[in-house]
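Protein sequences appear in the order of chains D and G.
In terms of the numbering used here, the first sequence opens at residue 23 and continues consecutively.
In terms of the numbering used here, the second sequence opens at residue 1045 and continues consecutively.
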Amino acid sequence: MQKITDLNDIISQVRRDIVRMVHANNSGHPGGSLGCTEFLTALYFQVMNHNSEFKMDGIGEDLFFLSNGHISPVFYSVLARSGYFNIAELSTFRKLNSRLQGHPATHEGLEGVRIASGSLGQGLSVAIGAATTKKLNNDDSIVYTLHGDGELQEGQNWEAIMYAAGNKVDNLIATIDYNQKQIDGSIDEVLPMGDLKAKLKAFDWLVLEEKEGNNIKAVINILTTAKAATGKGKPVVIILHTEMGNGVDYMMGTHKWHGSAPNDEQLVEALAQNPETLGDY
Amino acid sequence: MELKDTRSGFGAGLTELGRTNPNVVALCADLTGSLKMDKFKDENPERFFQIGVAEANMIGIAAGMTIGGKIPFTGTFANFSTSRVYDQIRQSVAYSGKNVKICASHAGVTLGEDGATHQVLEDIGMMKMLPHMVVINTCDYNQTKAATIAIAEHEGPVYLRFGRPKVPNFTPADQKFEIGKALHLKKGTDVTIFATGHLVWESLKAAKTLAEAGVSAEIINIHTIKPLDNKAILDAVKKTKCVVTAEEHMLNGGLGDSIAQLLSRNTPTPLEMVGVDDTFGESGTPMQLLAKYGLDAKAIVAATKKAVARK
């Protein structure tokens, strides 16, 4: 068990990476990335059994699929900080000839990425496939995913949600980043989702909810609970309440930082709120 | 001549793979009988996945199943294998470089009575535009069976297109299928007809009529539209200096379009194209539809005469 203080050091550094990467290109998605920093840190530094000596087939290890690929900054930072590739490479994010594409891709062989994502709604199906292969291979590892809440507007998700329950894909833990915001505004303004918990229960998933999705201890606890709930005939989903832009005060409480980059002054302000702990890239 | 459907060739090939390759898995979107996947399912229930009428999910699951070493074969109608799920194939399979075999039956107008909603004529174009996608359109039962077995050995995404009706099974049962290798079916000196899918047989029929009219037509089966056998095509054209293409597909984006690109870049040659000209199909019997949409032997004869007259 990593000390919570150590994990908080990682979180502070990951937040710095996110805002610096996005600022350097004047493009990228800081809001959702910051909101999911605790989740990705918990997964890669605490919860998952994984090997940073990357092998695409991932046999005998837990897998993670990022369905909402636009939060690539947090994904790349956490992969680099957990040893998949050199942190210096974070400086190439979104630049020509980089392996760190705007949205995650596999074709340049970036360690840690097993599927391209960006066009929304595809990750859950892919994860079900990977989880099914694990069962065929008698590999009792777990497959984790992350999805945006706005992403659930894509119909393929509901095909996958129905399939996973109907076929008892119970080595799967999906997490929904429930920040209730998307590009054009709040979820309720764009397309009201209604009672998400009731919907997922009605589809016969085991539904967990965590109100403090930006509290590392709470995130580890809910993931631990979810892990204990696998292997019981139902797929598991966590509705994780998060704050878009968490950790940078002026990015919080609005959807406006979904896909906007901070300017020079705003960068200084964001970095002042998140001390350098492990060394900037 | 024995009549057999190409989809049964797919079913037979898949059954053989089930017995010989433990990594092959099959996924179907509620069309197991139509795709002739029953035997694989019966013999390998643990490796067969009924997805339901959810083709997007099927493509995604197939992409995910490759992670850990499986070789997924997806089966549904060609329309639902391509246009319905183009973005899923583009991102989760092609761009991600996944070893998925997209197996598509009931392609083209010969699907027949179900009509234009089901008669995809744009699939070759859509699939050949995707980087690294192999695109195959087989002509009979034996070739479809051989192709099904061969694509399991190819690492990377493949689109395998076949059809519904019973058609002559004329290629040798023991003919090895080599991806990207054109097959010479008949020698000729005046014109080369490059044909794919069901129109290969129609081209052979056309060659007989043409011979009676004094036209010597060479027939080459292009079962692999991508990668195209450029050398075989250019070598043939060097001799005959006149070309016809024939396919059960839209003119835009099909085999003829690929060959026209190749020839205009290398050796501009009189070329006529047999295919569907910017229109949707309709209900009817397969042969009625081939005739109405200008895809039968008669249409190939007419196109060939036109091409020869331009030499």
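Just so it is clear, CB atoms sit at the ideal spot from N, CA and C, and this is done for glycine as well.
Predicted model only: the values in this text are computed from it and were never measured.
Could you tell me which of the options sits nearest to residue i, measuring between CA atoms?
i          : options                                           : result
Ile-1193/G : Ile-1115/G, Val-1244/G and Asn-1310/G             : Ile-1115/G
Ser-1136/G : Met-70/D, Gly-53/D and Gln-178/D                  : Gln-178/D
His-1198/G : Met-1177/G, Asn-1181/G, Ile-1264/G and Arg-1205/G : Met-1177/G
Arg-1051/G : Asn-1088/G, Gly-1207/G and Leu-1306/G             : Gly-1207/G
Ile-137/D  : Phe-225/D, Tyr-200/D, Asp-79/D and Val-100/D      : Asp-79/D
Gly-216/D  : Gly-255/D, Asp-226/D and Tyr-200/D                : Tyr-200/D
Leu-222/D  : Asp-171/D, Ala-283/D and Leu-112/D                : Asp-171/D
Ile-244/D  : Gln-175/D, Asp-206/D, Ser-34/D and Ala-196/D      : Ala-196/D
Thr-63/D   : Lys-77/D, Ile-26/D, Gly-91/D and Leu-142/D        : Ile-26/D
Glu-1222/G : Val-1235/G, Val-1179/G and Pro-1312/G             : Val-1179/G
Arg-1309/G : Asp-1322/G, Thr-1059/G, Asn-1274/G and Lys-1085/G : Asn-1274/G
Ala-1138/G : Asp-1167/G, Gly-1152/G, Ile-1103/G and Arg-1128/G : Ile-1103/G
Ser-141/D  : Glu-75/D, Glu-176/D, Ala-294/D and Asp-206/D      : Glu-176/D
His-1242/G : His-1267/G, Ala-1196/G and Cys-1183/G             : Cys-1183/G
Val-1281/G : Val-1202/G, Leu-1306/G, Leu-1295/G and Lys-1336/G : Leu-1306/G
Phe-1084/G : Ala-1056/G, Tyr-1337/G, Ser-1327/G and Asp-1167/G : Ala-1056/G
Gly-1062/G : Lys-1270/G, Glu-1087/G, Gly-1328/G and Gly-1053/G : Glu-1087/G
Leu-262/D  : Glu-232/D, Ile-205/D, Gly-143/D and Arg-116/D     : Glu-232/D
Ala-283/D  : Phe-76/D, Ser-49/D, Gln-24/D and Thr-264/D        : Ser-49/D
Spatial neighbours of residue i within its chain, please: C-beta separation below 7 Å, excluding the five flanking residues on both sides.
i          : result
Ala-1106/G : Leu-1071, Pro-1116, Thr-1118 and Val-1144
Leu-1254/G : Ala-1261, Val-1345 and Thr-1348
Phe-225/D  : Ile-183, Met-184 and Ala-187
Ile-33/D   : Thr-59, Glu-60, Thr-63 and Ile-238
Asp-271/D  : Gln-295
Please name the residue or residues paired with residue i in a DSSP beta bridge.
i          : result
Ile-242/D  : Looking at the DSSP assignment, Ile-242/D forms no beta bridge with any residue, so it has no partner.
Lys-1230/G : Ile-1263/G
Ala-220/D  : Paired residue(s): none; Ala-220/D is not in a bridge.
Thr-1236/G : Glu-1262/G and Val-1287/G
Pro-1116/G : Val-1069/G
Thr-1311/G : DSSP, once it has assigned bridges, lists no residue as partnering Thr-1311/G.
Ala-1148/G : Thr-1120/G and Arg-1205/G
Lys-203/D  : Ser-208/D
Ile-261/D  : Ile-198/D and Glu-231/D
Met-1294/G : Val-1320/G
Tyr-166/D  : Phe-86/D and Ile-195/D
Phe-1214/G : None, per the DSSP bridge assignment.
Asp-1049/G : Lys-1210/G
Given this structure, state the Cα-to-Cα distance separating residue i from residue j, to the nearest angstrom.
i          : j          : result
Val-1352/G : Met-1331/G : 26 Å
Thr-114/D  : Met-273/D  : 24 Å
Gly-54/D   : Ile-260/D  : 17 Å
Ser-1302/G : Ile-93/D   : 39 Å
Met-1170/G : Leu-1334/G : 22 Å
Ala-1369/G : Trp-180/D  : Lying before the first or after the last residue shown, residue 1369/G is absent from chain G, which here runs from 1045 to 1355.
Val-14/D   : Gly-281/D  : Residue coverage of chain D in this structure runs from 23 to 303, which leaves residue 14/D outside it and unanswerable.
His-169/D  : Ser-139/D  : 11 Å
Asp-28/D   : Thr-1120/G : 51 Å
Glu-130/D  : Leu-118/D  : 12 Å
Arg-1205/G : Asp-1279/G : 26 Å
Thr-155/D  : Ile-40/D   : 33 Å
Pro-52/D   : Arg-1128/G : 33 Å
Gly-145/D  : Thr-1059/G : 30 Å
Ala-1122/G : Ala-1148/G : 4 Å
Asp-161/D  : Trp-1245/G : 48 Å
Asn-90/D   : Thr-1233/G : 58 Å
Ile-81/D   : Gly-1112/G : 6 Å
Lys-1172/G : Tyr-1130/G : 12 Å
Asn-189/D  : Thr-1076/G : 18 Å
For residue i, which residues from the same chain have a beta carbon less than 6 Å from its beta carbon, with the 5 sequence-adjacent residues on both sides left out?
i          : result
Ala-251/D  : Leu-228 and Val-258
Glu-1316/G : Val-1288, Ala-1347, Lys-1350 and Ala-1351
Val-1318/G : Ala-1290, Ala-1343, Ile-1344 and Ala-1347
Leu-1272/G : Ser-1302
Lys-1283/G : none
Gly-1297/G : Gly-1169
Glu-1046/G : Asn-1213
Phe-1124/G : Glu-1099
Gly-301/D  : none
Phe-107/D  : Glu-133
Ile-109/D  : Ala-102 and Tyr-303
Arg-1091/G : Val-1069
Tyr-66/D   : Val-100 and Ser-104
Who are the Cβ neighbours of residue i in its own chain at under 8 Å, not counting the five residues just before and after it?
i          : result
Lys-1230/G : Leu-1248, Ala-1251, Ala-1261, Glu-1262 and Ile-1263
Arg-1134/G : Leu-1174
Phe-1324/G : Ala-1160, Gln-1163 and Leu-1165
Gly-1096/G : Ala-1073 and Asp-1074
Lys-249/D  : Val-69, Ile-164 and Ile-195
Three CB pairs or more closer than 8 Å across the segment 1215 to 1222 of chain G and the segment 1069 to 1087 of chain G: Taking 8 Å as the limit for Cβ pairs, the verdict is that the segment 1069 to 1087 of chain G does not touch the segment 1215 to 1222 of chain G.
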